[in-house]
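Per the working numbering, the very first residue in the sequence shown carries number 26; after that it's consecutive. For reference, the structure is listed below as structure tokens.
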Amino acid sequence: QVRLVESGGGLVQAGGSLRLSCAADGRIFTINTMGWYRQAPGKQRELVATIRSGGSTNYADSVKGRFTISRDNTKNMVYLQMNSLKPEDTAVYYCNLDVYAPRLGNYWGQGTQVTVSS
Numbered sequence: 026q027v028r029l030v031e032s033g034g035g036l037v038q039a040g041g042s043l044r045l046s047c048a049a050d051g052r053i054f055t056i057n058t059m060g061w062y063r064q065a066p067g068k069q070r071e072l073v074a075t076i077r078s079g080g081s082t083n084y085a086d087s088v089k090g091r092f093t094i095s096r097d098n099t100k101n102m103v104y105l106q107m108n109s110l111k112p113e114d115t116a117v118y119y120c121n122l123d124v125y126a127p128r129l130g131n132y133w134g135q136g137t138q139v140t141v142s143s
């Protein structure tokens with residue numbers, strides 16, 4: 026069983042910054058792709074950013090140049106640094122991991138609310 030715990034959400038003014046963290050806990054052998062997704066009210070969940078085990082990253086066009094995803098393999102953690110936040114970034118943010126524990130499984134966090142005021 027793998028558990029993901031997110032933190033770092035909150036309320037921020039437009040132009041501000043937040044840093045999200047996601048910690049994976051359990052009988053983890055290794056973690057492949059780690060990612061962040063978000064879901065705004067009335068909209069489908071969408072990809073924000075992913076980072077592979079080798080460090081390659083992928084970003085949604087809407088966040089390129091503003092958000093940075095990173096990982097700490099020694100701590101089984103993934104981070105999302107969000108700068109120059111816009112009201113349209115308001116959503117519940119979820120971390121998502123592909124984890125060998127020991128079999129490969131896909132796991133979601135419980136979500137953390139990010140609200141950007143104009």
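For every residue, glycine included, the Cβ atom is placed at its ideal position computed from N, Cα and C. Please read these numbers as outputs of a predicted model, since none were measured by experiment.
One alpha carbon belongs to residue 121, the other to residue 71, and they sit about 12 Å apart. Apart from the 5 residues on each side of it in sequence, residue 53 sits with its Cβ closer than 7 Å to the Cβ of 27, 101, 124 and 126 in its chain, given in chain order. Contact between the stretch 27 to 39 and the stretch 86 to 99 is absent, with fewer than three C-beta pairs closer than 8 Å.
Per the Cβ contact rule, the stretch 41 to 53 is in contact with the stretch 132 to 139 (3 or more Cβ pairs under 8 Å). Between the C-alpha atoms of residue 76 and residue 119 there is a straight-line separation of about 14 Å. In the displayed model, residue 97 falls within a strand according to three-state DSSP.
Bounds of any beta strand (DSSP E) do not take in residue 87, whose DSSP letter is neither H nor E.
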